[in-house]
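Residue numbers 4 to 291, in the working numbering, belong to the letters of the sequence shown in order. Glycine included, C-beta positions come from ideal geometry on N, C-alpha and C.
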Amino acid sequence: MATLKRSYPDNVAGDFFVDNTCIDCDMCRQIAPSVFQEASDHSFVYHQPGSDREQLRAKMALVACPTGSIGARSKPNLEAALAAFPEKVDDNVYFCGFASESSYGAASYLIQRPEGNVLVDSPRAARQLVKKIEELGGVATMFMTHRDDVADHEKLHGHFGCRRIIHRADSRGIAAEHFLEGDEPVELDSQLTAIPVPGHTRGSVVLLYKGKYLFTGDHLAWSEERGGLTAFRRVAWYSWRHQIESMKRLLDFNFEWVLPGHGRRGRQPAAIMRRKLEECIEWMIEVA
Ligand code: SF4
């Protein structure tokens, strides 16, 4: 629970505020960019929400914040914000909100499909979210892109009885029902391809859905500053050199969407996304 006593002085006066427990995960700035902004190492409220839509987005950020660092003096009704997740991103692909501190506020996603829903990485197992996911058909498979973003996978597995998939190289201390091995792409079914991308961690894997949606964990993200794709050298825990090679292997695949754990989502026609991927690889080599 955020407390006024700990709130940052850079919050603009008004109802909403961010306190100094913020871990600077970016989630609130993605959900409500007209309300939250980044300072050196945290978010703060730079504009108090005015319209109904801004109010809802600010409350959704409050609900999604992994550390409970967003507060509101008025103790607002959060019912609509709690019910807003999972939020549709496109077609049958949803953003789960409800980030977990143990995943450093990483985003997770739900693919709703007749063949069985897929949860990509684990959100916080909040009661309201679990209920909404139940209404959308539950979870048949939980795909964990890497070891950092597994959050409440045990609780969610216990509730939904889903099969969990993770790469063997990232599985130490993490229970799963299906372990991926090696560096070759694996067709999980006719719509889902798991593509190992060692770099951020040894066992990082991205998930391609229908040749359109690429769920990238912490391997690859969209950057608004760069106007293209980016990777995070500072957190290449396993190897930046291997991450470059993994990135090159993605040139074998078409995709229009990049849906990361950390960083921004991006959508472009496949041909442009490919060019952005080539530019990203050139940049990665330059800064190596
Ligand atoms: S969502 Fe919470 S932890 Fe993340 S940047 Fe915003 S206030 Fe900080």
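Report task. Quick one: using the 10 Å Cβ neighbour count with 16 as the cut-off for buried, is Leu195 buried or exposed? Result -> Position 192 of the sequence shown, counted from the first residue, corresponds to residue 195. That one is buried.
Query raised in the report: Are the beta-carbon atoms of Trp225 and Gly269 separated by less than 8 Å?
Result: The residue given as residue 225 occupies position 222 in the sequence shown. The residue given as residue 269 occupies position 266 in the sequence shown. Going by beta carbons, Trp225 and Gly269 fall inside the 8 Å limit.
Requested in this report: Could you check the C-alpha separation between Ala75 and Ala172 for me, to the nearest Å?
Outcome: Along the sequence shown, one-based indexing puts residue 75 at 72. Along the sequence shown, one-based indexing puts residue 172 at 169. Approximately 43 Å, taken between the alpha carbons.
Query - Buried or exposed by the 16-neighbour rule on C-beta atoms within 10 Å, applied to Gly161 - result: Along the sequence shown, read from residue 1 onward, the residue named residue 161 stands at position 158. So Gly161 ends up on the exposed side.
Query raised in the report: Roughly how many angstroms lie between the CA atoms of Glu248 and Tyr241, to the nearest whole one?
Result: For this step, residue 248 is matched to residue 245 along the sequence shown. For this step, residue 241 is matched to residue 238 along the sequence shown. The C-alpha of Glu248 lies about 13 Å from the C-alpha of Tyr241.
Query raised in the report: Should the segment 148-155 be regarded as contacting the segment 123-131, the criterion being three or more beta carbon pairs within less than 8 Å?
Result: Verdict: yes, contact present.
Query raised in the report: In the DSSP assignment, what residue or residues form a beta bridge with Pro263?
Result: Here residue 263 refers to the residue found at position 260 when the sequence shown is read from its first residue. In the DSSP output, where bridge partners are listed per residue, Pro263 has Gly220.
Requested in this report: State the Cα-Cα distance for the pair Ile34 and Leu254, rounded to the nearest angstrom.
Outcome: Here residue 34 corresponds to residue number 31 of the sequence shown, with the count starting at 1. Here residue 254 corresponds to residue number 251 of the sequence shown, with the count starting at 1. Spanning the two alpha carbons is a distance of roughly 30 Å.
Requested in this report: Compute the minimum distance between the beta carbon of Asp29 and the heavy atoms of the ligand SF4, and state whether it is under 7 Å.
Outcome: Counted from its first residue, the sequence shown places residue 29 at position 26. Yes, the Cβ of Asp29 comes within 7 Å of a heavy atom of the ligand SF4.
Query - Beta-carbon proximity of Thr204 to His245, cut-off 8 Å - result: Position 201 of the sequence shown, counting from 1, holds the residue named residue 204. Position 242 of the sequence shown, counting from 1, holds the residue named residue 245. No, they are not a contact pair.
Query - Complete alpha helix (DSSP H) runs within the segment 127-215 (minimum length 4 residues, chain order) - result: When DSSP assignments are scanned along the segment 127-215, the uninterrupted stretches of alpha helix (DSSP H) that are 4 or more residues long and fall wholly within it turn out to be 130-138, 156-163.
Query raised in the report: Out of curiosity, what's the CA-to-CA distance linking Ser106 and Asp151?
Result: To locate residue 106, count along the sequence shown from 1; it is residue 103. To locate residue 151, count along the sequence shown from 1; it is residue 148. Inter-residue distance for Ser106 and Asp151 is about 6 Å (C-alpha atoms, whole angstroms).
Requested in this report: Would you tell me roughly how many angstroms separate the C-alpha atoms of Glu259 and Asp192, rounded to the nearest one?
Outcome: Position 256 of the sequence shown, counted from the first residue, corresponds to residue 259. Position 189 of the sequence shown, counted from the first residue, corresponds to residue 192. Taking the straight line joining both Cα atoms gives about 20 Å.
**Report entry** Classification of Ala316 by the beta-carbon crowding that lies within 10 angstroms, buried from 16 upward
**Finding:** With the chain running from 4 to 291 in the structure shown, residue 316 is simply not present.
Query raised in the report: CA-CA distance, Asp27 and Gly206?
Result: The sequence position of residue 27 within the sequence shown is 24, counting from 1. The sequence position of residue 206 within the sequence shown is 203, counting from 1. Asp27 and Gly206 have their alpha carbons spaced roughly 25 Å apart.
Query raised in the report: Span of the beta strand (DSSP E) holding Lys91?
Result: As a working note, residue 91 is residue 88 in the sequence shown. Counting along the chain, the beta strand (DSSP E) containing Lys91 begins and ends at 90-93.
Requested in this report: Could you tell me the boundaries of the beta strand (DSSP E) in which Ser249 lies?
Outcome: Taking the sequence shown and counting its residues from 1, the one referred to as residue 249 is at position 246. Judged by DSSP secondary structure, Ser249 falls outside any beta strand (DSSP E) and instead within the alpha helix (DSSP H) spanning 243-252.
Query raised in the report: Between which two residues does the beta strand (DSSP E) carrying Ala61 extend?
Result: Along the sequence shown, read from residue 1 onward, the residue named residue 61 stands at position 58. Here Ala61 belongs to no beta strand (DSSP E); instead the alpha helix (DSSP H) covers 55-67.
Query raised in the report: What is the rounded straight-line gap between the Cα of Val189 and the Cα of Pro272?
Result: Looking up residue 189 in the sequence shown gives position 186. Looking up residue 272 in the sequence shown gives position 269. The alpha-carbon separation between Val189 and Pro272 amounts to approximately 24 Å.
Requested in this report: Give the secondary structure of Leu81 by DSSP, where H, G and I count as helix, E and B as strand, and everything else as coil.
Outcome: Here the question's residue 81 lines up with position 78 in the sequence shown. Residue state, collapsed to three classes: coil.
Query raised in the report: Looking at Phe163 and the ligand SF4, is the gap between the Cβ and the nearest heavy atom below 7 Å?
Result: To locate residue 163, count along the sequence shown from 1; it is residue 160. Phe163 Cβ: outside cutoff for every heavy atom of the ligand SF4.
Report task. Kindly examine the ligand SF4 and report whether one of its heavy atoms sits closer than 7 Å to the Cβ of Ala64. Result -> One-based indexing of the sequence shown puts residue 64 at position 61. Within the cutoff, so yes.
Requested in this report: Assess, as a yes-or-no matter, whether the segment 36-51 is touched by the segment 80-91 under the definition of 3 or more beta carbon pairs within less than 8 Å.
Outcome: By the Cβ rule, the segment 80-91 does not count as touching the segment 36-51, because fewer than three pairs are nearer than 8 Å.
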